[in-house]
Amino acid sequence: MERQRSFQKTATGRLYLVPTPIGNLDDMTFRAVKTLQDADLIAAEDTRNTQKLLNHFEITTKQISFHEHNTQERIPQLLAKLQAGAQIAQVSDAGMPSISDPGHELVVACAQAGIPVVPLPGANAGLTALIASGLAPQPFYFYGFLDRKPKDQRAEIAELEERPETLIFYEAPHRLKKTLANLASGLGADRPAVLCRELTKRYEEFLRGSLEELADWAATDQVRGEFVVLVSGNPHPTSETPTVDLSEPVTVQVDRLIAAGEKPNAAIKEVANLRQMKKQEVYRIYHHLDQEDAEK
699 MERQRSFQKT
709 ATGRLYLVPT
719 PIGNLDDMTF
729 RAVKTLQDAD
739 LIAAEDTRNT
749 QKLLNHFEIT
759 TKQISFHEHN
769 TQERIPQLLA
779 KLQAGAQIAQ
789 VSDAGMPSIS
799 DPGHELVVAC
809 AQAGIPVVPL
819 PGANAGLTAL
829 IASGLAPQPF
839 YFYGFLDRKP
849 KDQRAEIAEL
859 EERPETLIFY
869 EAPHRLKKTL
879 ANLASGLGAD
889 RPAVLCRELT
899 KRYEEFLRGS
909 LEELADWAAT
919 DQVRGEFVVL
929 VSGNPHPTSE
939 TPTVDLSEPV
949 TVQVDRLIAA
959 GEKPNAAIKE
969 VANLRQMKKQ
979 EVYRIYHHLD
989 QEDAEK
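Add 698 to the 1-based position in the sequence shown for my numbering, that's all there is to it.
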């Protein structure tokens, strides 16, 4: 076990994960601006894109490129600077670092090296879309980008068909038509879904309907902008629900779960759910308590 206290005095520097706006520059937080101003170095997915943001907020901190194609080269360099005491801010082109963007490998390397990793809250396209979609906001399952190869994409979708959570995907405009067709085929044409386009920007738009309706729209309309695709979860998954032998003693069932590695209270709760009993009643039976003892 390792323990990180983000702001405890340390001989090393810190890695700050700084979200950037997904469209509207006014969504940049005061803390994010100050962190970028105070950092010794900014590790940016695309230095040209980030420079526009820095110029807007009059930030003069030096940048270094850090993207999916130079990860192995950059991580040792960034670690050396952090171990020497440098404060480094890491940003992606838009939104949260590591969420469908570079960053995760650097976080892992810092954690392994004992270097504090400090996350800042901020813009995220998936959650921004979710809260305005009208679909169930929790639980949700964030998937990000599906595979680009049609066969592999269909296989991924098939694995998601039974999930009851609201599904969140990202997709580029030129792939949206085929992806929606595959989703409609794999998850069901009538499954409710929402397309969120150009979030926080001037042409922000929400299209709500069935997967079939949205696929038809994408097939006939001129699709522009980056999309978040949200799909309602399966309300009636067909996965088999564990069955229980009601003739078997409660104590035997609890003991079997404990023997399999469950903690006693968790085992009691699971047996209560399976038998549709109150947890307190299963607890009383398992511990051989009479009603009076259980109520004390």
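From the three backbone atoms N, C-alpha and C, an ideal C-beta is built for every residue, glycine too.
Quick caveat: nothing in here was measured; it's all calculated off a predicted structure.
The ligand GDP heavy atom lying under 6 Å from the CB of residue i
i: A917; result: Among the components modelled here there is no ligand, and therefore nothing to report on the ligand GDP.
Bridge-paired residues (DSSP) for residue i
i: G793; result: T718
i: T864; result: F838
i: V892; result: R906 and L928
i: I740; result: Q761 and A787
i: F843; result: Y868
i: L713; result: I786 and V815
Between the CA atoms of residue j and residue i - distance to the nearest angstrom
i: K779; j: Q785; result: 8 Å
i: T758; j: G711; result: 20 Å
i: R900; j: P719; result: 14 Å
i: A830; j: I866; result: 13 Å
i: S796; j: V952; result: 41 Å
i: G820; j: K849; result: 35 Å
i: E869; j: T936; result: 28 Å
i: E979; j: R954; result: 18 Å
i: P817; j: R701; result: 16 Å
i: K961; j: T949; result: 14 Å
i: F705; j: D736; result: 15 Å
i: T708; j: N768; result: 28 Å
i: T877; j: R703; result: 43 Å
i: P835; j: G907; result: 17 Å
i: Y981; j: S930; result: 37 Å
i: A917; j: E924; result: 16 Å
Opening and closing residue of the alpha helix (DSSP H) in which residue i lies
i: I813; result: Per DSSP, I813 belongs to no alpha helix (DSSP H) and is neither H nor E.
i: S883; result: P871 to L885
i: Y824; result: Here the sequence assigns Gly to residue 824, which means Tyr is not the residue at that position. Unbroken alpha helix (DSSP H) run through G824: A823 to S831.
i: V948; result: V948 to A957
i: L944; result: From DSSP, L944 is part of no alpha helix (DSSP H); its letter is neither H nor E.
i: K750; result: T745 to H754
i: Q851; result: P848 to L858
i: Y981; result: K977 to Y984
i: E771; result: T769 to Q781
i: K967; result: P962 to R973
8 Å Cβ shell around residue i - same chain, five flanking residues per side excluded
i: L734; result: V716, I740, L752, F755, I757, T759, A787 and V789
i: V921; result: P871, H872, L874 and K875
i: E860; result: N932, P935, T936 and S937
i: R852; result: N880, S883 and G884
Residues of its chain near residue i, where Cβ-Cβ distance is below 6 Å and the 5 sequence neighbours each way are ignored
i: Q772; result: This sequence places Arg at residue 772; Gln is not what is there. Correct list, in chain order: F764.
i: C894; result: A827, F904 and V926
i: E854; result: L844 and D845
i: P814; result: Q702, S704 and R712
Same chain only: Cβ atoms within 7 Å of residue i, ignoring 5 sequence neighbours per side
i: K977; result: I966, K967 and A970
i: T745; result: Q761 and S763
i: T939; result: Low confidence applies here, because T939 scores a pLDDT of 48, under 50, leaving its location unreliable and the question unanswered by this model.
i: G721; result: E896, L897, T898 and K899
i: L912; result: L878, A891, L893 and L905
Residue from the options whose Cα sits closest to the Cα of residue i
i: A742; options: A792, A709 and Q706; result: A792
i: Y714; options: A730, L987, D725 and M726; result: A730
i: P947; options: A964, I983, G923 and D919; result: I983
i: M699; options: A809, R852 and L987; result: A809
i: Y839; options: A964, E857 and G959; result: E857
i: R973; options: R889, L944 and N880; result: L944
i: G884; options: T918, L909 and E902; result: L909
i: D724; options: T898, H985, L987 and A879; result: T898
i: N822; options: G801, A811, M794 and L987; result: M794
i: E803; options: Q770, H985, A782 and Q775; result: Q770
i: D799; options: E766, P774 and A811; result: E766
Chain C contact for residue i (CB, 7 Å cutoff)
i: A823; result: This model lacks chain C altogether; it includes just one protein chain.
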